[in-house]
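For what it's worth, the UniProt record's numbering labels the leading residue of the sequence shown as 1, then goes sequentially. Only one structure is covered here, and it is reproduced in the block below.
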Amino acid sequence: MKTTVVAEIGSNWEGNIIKAKKIIRECKKSGADAVKFQMWRANDLYDAKHSSWKVIKKSELTFNQASIMKKFADKIKIDFFCSVFFPEAVDFLESINVKRYKIASRTCLLKDPFALETLKKKASTKKPVIISMGMGGNKKKILKMFSKNNKTFCYCISEYPLEFKKIDWAMALQYDGFSDHTMGIVAPIIFAILKKIKNPKKIYIEKHVK
């Protein structure tokens, strides 16, 4: 049984490559198997009047920056991949040979510009996908679209931070993955221990880091 631990870096690198490398290295030292970033175009997903617009815009991950991060991650032997929100990013990530893709909760709603096109691009790679549906979405449609991909669905509640008491453990254990938004590391540890009792083939843990 394989337990895969992914450090979700998201926008916490704040557009700074030096900081990104430092976080990647610390994630490696902490025992993570992979680091995950997000590739978006701010104008596609947010209004310029958004209260966090400056941070969102600054944290756009360019192709050149992603290439630098991927090379660094390869060098220290930790997997690098992304949640992707526009189709051209999938083409680019294919060119640098990422091994898998994440599908974010908001993408499953198919409301963002290019969401459907981006999902189809990911599906066409036939690479493994990790899927969070914390905001809902049409699971049957997602399953059909990714019928030729290895899929891991994650239990996820899209609240930041999530109160520990809101976790429905009976529901969580129906999933092979756990996308954790709580403070600390207790929740994913409990998930992994409880899942191991059921002896699944795989366990996927995604933890948001700062």
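Glycine residues also receive a C-beta, built at the ideal position from the N, C-alpha and C atoms.
In the displayed model, residue 55 falls within a helix according to three-state DSSP. Counting only runs that start and end inside the segment 62 to 143, the alpha helix (DSSP H) elements of at least 4 residues fall at 63 to 75, 87 to 95, 105 to 108, 115 to 125. Of the candidates 204, 41, 28, 41 places its Cα closest to the Cα of residue 11. Counting only runs of 4 or more residues that sit fully inside the segment 173 to 197, no alpha helix (DSSP H) segment turns up. Per DSSP, the continuous alpha helix (DSSP H) segment holding residue 22 begins and ends at 17 to 29.
For residue 37, same chain residues with a beta-carbon under 6 Å away, outside a window of 5 residues either side, are 9, 61, 82 in chain order.
Per DSSP, residue 34 is not a residue of any alpha helix (DSSP H); the beta strand (DSSP E) it occupies stretches across 34 to 39. In the DSSP assignment, residue 203 is bridged to 3.
A distance of 8 Å or more separates the beta carbons of residue 200 and residue 168.
Beta-bridge pairing by DSSP links residue 8 to 36, 208. Counting C-beta pairs closer than 8 Å gives three or more between the segment 202 to 210 and the segment 152 to 166, which meets the contact rule.
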